[in-house]
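Counted the way the numbering used here counts, the sequence shown spans residues 64 to 367.
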Amino acid sequence: MKALISTPGAPRSVDIREVDEPRPAPDEALIAVVAASLNRGELALLPSRPDWRPGQDVAGTVVAAAANGTGPPPGARVIAVVDQAGWAERVAAPTSRLAVLPERVSFSAAATLGVAGLTALRGLRLGGSLLGAHVLVTGASGGVGHFAVQLAHVAGAHVTAVVGRPERASKLRELGADRVVQETEELEPRFDLVMEGVGGPSLERSLHALNRNGVVVLYGRVSDQSARVALPDFRGRPARIHAFFIYQTDVETFGADLAFLAGLLERGQIEAEVGLEVSWRDLDRGITALRDREVHGKVVLRID
């Protein structure tokens, strides 16, 4: 079968090559991949991992059910999150980390849910009950950000979205943001929870925007800038910074959360924003668009 393999230093950073078929473990289903999506973490690793097979977010059809009898039967439409090797014609996925897709949810939309959707969902849970809470989402037009805005809105929060480009404000209001502000604007200290994925000066502003006992969930640093955090920032106003990575949470319940997200998508309570969809043979275009922050939402690969 064919798969995308990292080739640092070559004209193309990733190339399609012939590889061995997956050998599923007893608790793994074999999936024929129809769509996959890109994550910034994968892009960051490509230059330093020769012959690596990237790909975490996949959607497709079960070819062979798990030998231990768990999971869906052959022919089922599924979404899954795997550790790697998802940018391929077929991939083996633990049944605890996949979910059956509702018929009305497309493979392309489903492929956006994995790492981004789980990061938004599990990050927001760290804030406790969000009903009536004030939530700030930085990098709100990105893959995690646009899900965080919607999920916080569904949970009953007052949502403020932070964007770098003003033309992205109207879409975020449609998705549930009560207020949209620019990256450079100062924020009053009223937020109970901040979903922070930008880092650098954005993180510094986020800390000053917290309510007493507020929480910053730090899930990324797309700015690649460092932040200055000093003890005096918290005097008289205790707060918490929670560094967050979904693979350090309970991976055995990924499937249940993916099913929950897919259900919200089917019912129209959230939208999957596919900012760019390309053939996996045109991956470099997708990498450039994501790296340069040219797209709203997610970049999706068609495995065609």
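Built from N, CA and C at the ideal position, the CB exists for glycine as well.
Where the alpha helix (DSSP H) containing residue i begins and where it ends
i      : result
VAL314 : VAL314 -> no alpha helix (DSSP H), and no H or E assigned at all.
SER171 : 170-174
ARG268 : 264-271
ALA179 : 177-188
ARG103 : 103-108
Residues bridged to residue i (per DSSP)
i      : result
PRO137 : Its beta-bridge partners do not exist; DSSP assigns none.
ARG348 : In the DSSP output, where bridge partners are listed per residue, ARG348 has none listed.
GLY277 : ALA302
ARG365 : ALA98, SER342
GLU152 : For GLU152, which the question treats as bridged, DSSP gives no partner whatsoever.
VAL144 : ASP120
ALA88  : ALA88 pairs with nothing; no bridge assigned.
SER69  : VAL77
LEU93  : ALA127, ALA155
VAL337 : LYS361
Alpha-carbon spacing of residue i relative to residue j, whole angstroms
i      : j      : result
ARG167 : ASP320 : 18 Å
PRO137 : VAL125 : 5 Å
ARG85  : LYS65  : Per the sequence presented here, residue 85 reads as Pro, with Arg not at that position. Whole-angstrom Cα-Cα distance: 11 Å.
PHE323 : GLU246 : 31 Å
GLU91  : ALA148 : 14 Å
GLU248 : THR158 : 45 Å
ALA203 : PRO252 : 19 Å
LEU238 : ALA232 : 10 Å
VAL243 : ILE142 : 31 Å
THR223 : VAL82  : 46 Å
LEU281 : LEU109 : 23 Å
ARG300 : ARG291 : 17 Å
LEU181 : ARG236 : 22 Å
GLU315 : ILE94  : 18 Å
GLU230 : THR133 : 46 Å
ARG140 : ALA122 : 8 Å
LEU67  : TRP150 : 6 Å
SER342 : VAL362 : 11 Å
GLU152 : LEU106 : 20 Å
PRO113 : ASP241 : 45 Å
GLY227 : ALA155 : 38 Å
GLU340 : ARG365 : 7 Å
ASP313 : ARG188 : 13 Å
ALA335 : PHE210 : 8 Å
PRO135 : VAL96  : 15 Å
ARG344 : ALA73  : 16 Å
ARG348 : PHE170 : 20 Å
ILE350 : ARG80  : 18 Å
PRO87  : ASN131 : 11 Å
VAL217 : PRO89  : 37 Å
HIS221 : ALA127 : 45 Å
PRO71  : ARG116 : 12 Å
Residue i, enclosing beta strand (DSSP E) - first and last residue
i      : result
VAL257 : 254-259
VAL121 : 120-127
LEU199 : 197-200
GLU370 : Here the chain comprises residues numbered 64 to 367, so residue 370 is not present and cannot be evaluated.
LEU161 : 161-163
Cβ neighbours of residue i in the same chain (closer than 7 Å, five flanking residues each side left out)
i      : result
ILE178 : Inspection of the sequence shows that residue 178 is occupied by Val rather than by Ile. ASN102, GLN119, ASP120, VAL144, ILE309.
LYS234 : HIS359
GLY219 : LEU193, LEU194, GLY195
ALA325 : ILE142, ALA162, LEU164, PRO165, VAL168, ALA173, LEU176
Contacting residues, own chain, Cβ-Cβ under 6 Å from residue i (five flanking each side not counted)
i      : result
SER269 : VAL257, GLU259, VAL279
LEU327 : ILE333
GLU329 : PRO165, ARG167, VAL168
GLY283 : GLY260
ASP255 : ALA196, HIS197, ASN274, GLY277
GLY208 : VAL200, GLY202
GLY318 : SER159, ARG160, LEU161, ALA162
VAL77  : LEU67, SER69, LEU346
Own chain residues within Cβ distance below 8 Å of residue i, not counting five before or after
i      : result
ARG303 : ASN276, GLY277, VAL278, VAL279
Jot down the residue ranges of each uninterrupted beta strand (DSSP E) in the region 208-252, minimum 3 residues, whole runs only, in chain order.
Fully enclosed beta strand (DSSP E) runs of 3 or longer: 221-226, 242-245.
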